[in-house]
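J.:
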């Protein structure tokens with residue numbers, strides 16, 4: 165996800181480590197749940213504050229570096245920022261960072277800070293929503309062994325047993341109707357948004 169958003173290359177590892185490790189979101193969650201650490205000056209006295217600030221600094225520095233690199237690249241290759249289509253005439257998708265660099269508000273390009281804020285929203289909101297949805301799905305399936313058994317049977321039928329060497333295709337995924345229904349029901353019961 166971060167690669168699609170930022171077009172990462174050499175900076176990939178540090179940003180992915182920070183955004184995928186639970187430190188930032190876990191610390192934020194712990195802070196919300198604990199009335200004492202919800203108070204700024206108390207939170208600043210904890211070791212979690214240092215970890216949180218260090219992690220945010222890595223994310224910010226990495227994002228700013230990528231923004232600067234992309235701005236420089238497009239200054240040297242302005243034609244590349246134009247929308248293009250493939251051989252079928254379908255518009256090619258641009259990474260989020262490029263879309264934001266191209267965006268203007270009231271005729272002015274977005275600032276690096278505005279772009280960074282948008283990227284962080286996508287990185288963290290998308291990660292949290294997905295992880296919470298999956299967590300509630302697995303919780304519900306674990307609570308209902310009969311549902312777990314039906315899902316196992318459906319997956320076995322669609323993939324012909326254990327799908328070790330079976331190719332995962334869109335067609336096969338679309339056949340998993342019961343699994344889809346269970347995921348949707350879990351999302352209905354425990355909405356993450």
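Residue numbers (our numbering): 165 to 357.
C-beta: ideal position from N, C-alpha, C; glycine also.
Computed from a prediction, not measured in an experiment: that's the story for all the values here.
In terms of residue numbering, what span does the alpha helix (DSSP H) encompassing residue 291 cover?
T.: Start and end: 276-307.
J.: So if DSSP puts residue 195 in a beta bridge, which residue, or which two residues, is it bridged to?
T.: As computed with DSSP, residue 195 is found in no beta bridge at all.
J.: Buried or exposed: where does residue 280 fall if 16 or more other Cβ atoms within 10 Å of its Cβ makes it buried?
T.: Counting other Cβ atoms within 10 Å of its Cβ, residue 280 reaches 16 or more and is therefore classed as buried.
J.: How many angstroms separate the CA atom of residue 241 from the CA atom of residue 235?
T.: Cα to Cα, the separation comes out at about 10 Å.
J.: Between which two residues does the alpha helix (DSSP H) containing residue 230 stretch?
T.: 211-240
J.: Under 7 Å Cβ to Cβ from residue 213, same chain only, skipping five residues before and after it: list those, please.
T.: 207
J.: For residue 209, count the other beta carbons within 10 Å of its own beta carbon; 16 or more makes it buried, fewer makes it exposed. Which is it?
T.: Exposed, by the Cβ-count rule.
J.: Rounded to whole angstroms, how far is the Cβ of residue 340 from the Cβ of residue 318, which I believe are closer than 8 Å?
T.: 6 Å
J.: Have a look at 255, 197 and 188 and flag the residue whose alpha-carbon is nearest the alpha-carbon of residue 217.
T.: Nearest C-alpha to residue 217: 188.
J.: Let me know the secondary structure DSSP gives residue 352 once reduced to three states.
T.: helix
J.: So, using beta-carbon positions, are residue 314 and residue 342 closer together than 7 Å?
T.: yes
J.: Give the single residue among 251, 295, 278 and 256 whose Cα lies nearest to the Cα of residue 228.
T.: It is 278 whose Cα lies nearest to the Cα of residue 228.
J.: What does the alpha-carbon distance come out to for the pair residue 177 and residue 300?
T.: The pLDDT assigned to residue 177 is 49, lower than 50, so where the model puts this residue is not dependable, and the model offers no usable value.
J.: For the alpha helix (DSSP H) that residue 335 lies in, which residues bound it at each end?
T.: 334-338
J.: Between the alpha carbons of residue 332 and residue 205, how many angstroms are there, rounded?
T.: 51 Å
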